[in-house]
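Throughout the sequence shown, residue numbering follows my numbering, covering 3 to 616 in sequence. In this text, a Cβ means the ideal position worked out from N, Cα and C, and glycines have one as well.
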Amino acid sequence: MCAFQAPTSEQASVSSEPVVNDFAFSVATSNGSGSQTSNNVLVQTLFDMGIPVNGKNLFPSNIKGLPTWYTIRASKDGYTARRATTEIVVAYNGATVAEDVAALPPGGVCIIRDDVAKIAPKRDDITVYTVPVKDLMDQADVPSAFAKRVENMTYVGVVAQLFDIPLDMIRTSLVKNFGGKEKPAMMNFAVIQLAYDYFKDNVEKVDPFRFEKMDLTKGKILITGNEAGALGAIFGGVHVVAWYPITPSTSLVDTIISYKHLRKDPETGKSTIAVVQAEDELAAAGMIIGAGFAGARSMTATSGPGISLMSEFAGLAYFAEIPCVIWDITRMGPSTGLPTRTSQGDILFTHYLGHGDTRQFCLLPASPEEAFEFGWRALDLAEQLQSPIFVISDLDLGMNNWMSEPFEYPDQPIQRGKVLDAEQLQQFIADHGKWGRYWDVDGDGVGYRTIPGTDHPMAAYFTRGTGHDEMAVYSENSETWLENMHRIKVKEETGRKLLPQPIEDYDSSKSIGIISFGTNEPAIIEARDWLAREGVETNCMRVRALPLADSVLEFVKKHERVYVVENNFDGQLNQIMRIDFAEHMANVKSLTLGDGLPMAARWVVNSILEHEGK
Numbered sequence: 003m004c005a006f007q008a009p010t011s012e013q014a015s016v017s018s019e020p021v022v023n024d025f026a027f028s029v030a031t032s033n034g035s036g037s038q039t040s041n042n043v044l045v046q047t048l049f050d051m052g053i054p055v056n057g058k059n060l061f062p063s064n065i066k067g068l069p070t071w072y073t074i075r076a077s078k079d080g081y082t083a084r085r086a087t088t089e090i091v092v093a094y095n096g097a098t099v100a101e102d103v104a105a106l107p108p109g110g111v112c113i114i115r116d117d118v119a120k121i122a123p124k125r126d127d128i129t130v131y132t133v134p135v136k137d138l139m140d141q142a143d144v145p146s147a148f149a150k151r152v153e154n155m156t157y158v159g160v161v162a163q164l165f166d167i168p169l170d171m172i173r174t175s176l177v178k179n180f181g182g183k184e185k186p187a188m189m190n191f192a193v194i195q196l197a198y199d200y201f202k203d204n205v206e207k208v209d210p211f212r213f214e215k216m217d218l219t220k221g222k223i224l225i226t227g228n229e230a231g232a233l234g235a236i237f238g239g240v241h242v243v244a245w246y247p248i249t250p251s252t253s254l255v256d257t258i259i260s261y262k263h264l265r266k267d268p269e270t271g272k273s274t275i276a277v278v279q280a281e282d283e284l285a286a287a288g289m290i291i292g293a294g295f296a297g298a299r300s301m302t303a304t305s306g307p308g309i310s311l312m313s314e315f316a317g318l319a320y321f322a323e324i325p326c327v328i329w330d331i332t333r334m335g336p337s338t339g340l341p342t343r344t345s346q347g348d349i350l351f352t353h354y355l356g357h358g359d360t361r362q363f364c365l366l367p368a369s370p371e372e373a374f375e376f377g378w379r380a381l382d383l384a385e386q387l388q389s390p391i392f393v394i395s396d397l398d399l400g401m402n403n404w405m406s407e408p409f410e411y412p413d414q415p416i417q418r419g420k421v422l423d424a425e426q427l428q429q430f431i432a433d434h435g436k437w438g439r440y441w442d443v444d445g446d447g448v449g450y451r452t453i454p455g456t457d458h459p460m461a462a463y464f465t466r467g468t469g470h471d472e473m474a475v476y477s478e479n480s481e482t483w484l485e486n487m488h489r490i491k492v493k494e495e496t497g498r499k500l501l502p503q504p505i506e507d508y509d510s511s512k513s514i515g516i517i518s519f520g521t522n523e524p525a526i527i528e529a530r531d532w533l534a535r536e537g538v539e540t541n542c543m544r545v546r547a548l549p550l551a552d553s554v555l556e557f558v559k560k561h562e563r564v565y566v567v568e569n570n571f572d573g574q575l576n577q578i579m580r581i582d583f584a585e586h587m588a589n590v591k592s593l594t595l596g597d598g599l600p601m602a603a604r605w606v607v608n609s610i611l612e613h614e615g616k
């Protein structure tokens, strides 16, 4: 499978005029060959040069051997969405070279290792630079055990020399990548230097591409969404993390493990975070529900298959009203599907996870900043709403490095919600004459809870997933059942207002609206600028939580046409909107993709222009 589109009639040939800080290239290698280090060094260096950049890792679901691609896009205008096409390919994989070369537009550049060049298709309309990898590695002082993994550094040296990336900045990025360890960094840098010098002395540059330093990344950071979410959870005071490893969520918990030493009890010096690797996702869900019931802030991280397994436990936590947080780093389903490709295909299933009339609260981050914020905010919301909170991210945000503004650290106390200690419980009973775990005394659907061990004779109650009344007493009475369900629906409405509200860009002079969520945002930002140049002006709303806020319906009502843009096959956000306000959906069109790749602006533009008849 080629991860990129072949040239089409839409694509213009590459200009012969200088192209500075506004092009993309793909690196085609095989999985497990060490190319991730090389690619990370290039992205980090371009970022350090002040150039807006993104890297997308398109890797297979095996440990070693299958084709992998990594796309790097530099944009002087600050766009960070994946590009559907690239002007440059680093062709280091003979298994895909025919497709990789075919994907280049006229005027493109192919940097190809010499052994792969022997089997590559010939094109007269591109520039080809051949890298003598074996000869360069024969000159390098690299132990044979590392040679195969280090040889990818040859293309780092070539890219640096051809496109004017300063070697001293490459060196700094290498040292950073190896955690400050000079020895492995210098072993790799020596290979980069050899390739750089060879091209400087022997190869004439005949392409128009180059990088120049800018000042557009100052103050920003590079970080993955999983790392950001983990840090947010730590800041939010998470106590218990139970999990079972699954791509692409594993690095979220790995990050918590790496940093949990930062949260220590000042008296004992022990970590305040317990991490338990469970035997499966069901056990992990049971552990965090038990921990949440006991008063601990608890969470797990998984992906679609794990969410499927957690369905019954999720329904229990919903109905017994136990706080916990579940991260779903979504990958492509159904079934095993494409486990190393991204998707937004879990929101409908997760929003209604659990049999019966279950509707879960979900947060939808679009950036590392929001992954961090939702990391701590989800723990607050779980206790405030006494319910599971699902944070639905995806592989693109979770595992790829994104440019990010520095995080805004929470400046408010931890929100524990309606929790009564012994003294408060005594006062509650004095004020109201009784206390019932599910009694909605405030009219917001949320009762007051006690934590096991509260030293008061009235504090205990029996938590159950069966029918119960406001006092937590078992009941099969139909009226009691309906009263309880109506109260939970009132809590749902409370949640609509408490959850993060949509981000809206609205101008009353524009009649076309776009609604989307999550990691589609970079593509939609770019697409809206592109559409404006085509004469199509748009407003935009990004949904950040489910259930939908009331403002979503208001946005729909304010436009002649609304496009709901999603990276899933069935238009799941569009379906949720139809469930909520079907009578207002006549002017709404669903635009869906679901190809396993991060969304590109070109697809959004073409889809909307087609519907607009342009």
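Secondary structure of residue i, DSSP reduced to three states
{"i": "residue 30", "result": "strand"}
{"i": "residue 117", "result": "helix"}
{"i": "residue 156", "result": "helix"}
{"i": "residue 92", "result": "strand"}
{"i": "residue 319", "result": "helix"}
{"i": "residue 79", "result": "coil"}
{"i": "residue 44", "result": "helix"}
{"i": "residue 341", "result": "strand"}
{"i": "residue 403", "result": "strand"}
{"i": "residue 548", "result": "strand"}
{"i": "residue 570", "result": "coil"}
{"i": "residue 269", "result": "coil"}
{"i": "residue 416", "result": "coil"}
{"i": "residue 563", "result": "strand"}
{"i": "residue 589", "result": "coil"}
Residue from the options whose Cα sits closest to the Cα of residue i
{"i": "residue 327", "options": "343, 342 and 394", "result": "394"}
{"i": "residue 42", "options": "58, 297 and 514", "result": "58"}
{"i": "residue 352", "options": "104, 547 and 26", "result": "547"}
{"i": "residue 426", "options": "398, 357 and 458", "result": "458"}
{"i": "residue 146", "options": "367, 189 and 121", "result": "189"}
{"i": "residue 159", "options": "177, 138 and 179", "result": "138"}
{"i": "residue 584", "options": "571, 558 and 601", "result": "558"}
{"i": "residue 179", "options": "39, 615 and 570", "result": "39"}
{"i": "residue 62", "options": "45, 75, 33 and 82", "result": "33"}
{"i": "residue 107", "options": "599, 87 and 308", "result": "87"}
{"i": "residue 141", "options": "572, 478, 194 and 419", "result": "194"}
{"i": "residue 575", "options": "545, 291 and 151", "result": "545"}
{"i": "residue 208", "options": "419, 293 and 110", "result": "110"}
{"i": "residue 500", "options": "385, 217 and 532", "result": "385"}
{"i": "residue 217", "options": "516, 477, 23 and 390", "result": "23"}
{"i": "residue 628", "options": "37, 591 and 214", "result": "Past the boundaries of the shown model lies residue 628; the chain is included only from 3 to 616, so the question cannot be answered."}
Per DSSP, cross-strand counterpart(s) of residue i
{"i": "residue 245", "result": "279"}
{"i": "residue 476", "result": "470"}
{"i": "residue 57", "result": "74"}
{"i": "residue 511", "result": "Looking at the DSSP assignment, residue 511 forms no beta bridge with any residue, so it has no partner."}
{"i": "residue 395", "result": "331"}
{"i": "residue 24", "result": "77"}
{"i": "residue 303", "result": "329"}
{"i": "residue 594", "result": "568"}
{"i": "residue 451", "result": "421"}
{"i": "residue 543", "result": "506 and 517"}
Other residues of its chain near residue i: CB distance less than 6 Å, five sequence neighbours each side excluded
{"i": "residue 277", "result": "243 and 259"}
{"i": "residue 400", "result": "227, 228, 250 and 331"}
{"i": "residue 514", "result": "540 and 563"}
{"i": "residue 297", "result": "453"}
{"i": "residue 593", "result": "565, 567 and 609"}
{"i": "residue 71", "result": "5, 28, 30 and 60"}
{"i": "residue 9", "result": "Per-residue confidence for residue 9 stands at a pLDDT of 34, beneath the threshold of 50, marking its modelled position as unreliable; the derived number appears in the next sentence. Around residue 9: 107."}
{"i": "residue 483", "result": "469"}
Cut-off 7 Å between Cβ atoms - residues of its own chain near residue i, not counting five sequence neighbours on either side
{"i": "residue 225", "result": "370, 403, 404 and 406"}
{"i": "residue 171", "result": "47, 50 and 51"}
{"i": "residue 373", "result": "227, 230, 231, 234, 367, 395 and 399"}
{"i": "residue 607", "result": "529, 532 and 533"}
Assumed close pair residue i, residue j - CB separation to whole angstroms, cut-off 8 Å
{"i": "residue 377", "j": "residue 232", "result": "7 Å"}
{"i": "residue 587", "j": "residue 550", "result": "With a Cβ gap of about 12 Å, residue 587 and residue 550 do not count as contacting."}
{"i": "residue 496", "j": "residue 600", "result": "The Cβ separation is near 35 Å, so there is no contact."}
{"i": "residue 219", "j": "residue 54", "result": "6 Å"}
{"i": "residue 524", "j": "residue 81", "result": "7 Å"}
Sequence-distant residues of the same chain with beta carbon closer than 8 Å to residue i, five excluded per side
{"i": "residue 440", "result": "323, 449, 470, 471, 472, 473, 474, 486 and 489"}
{"i": "residue 19", "result": "210"}
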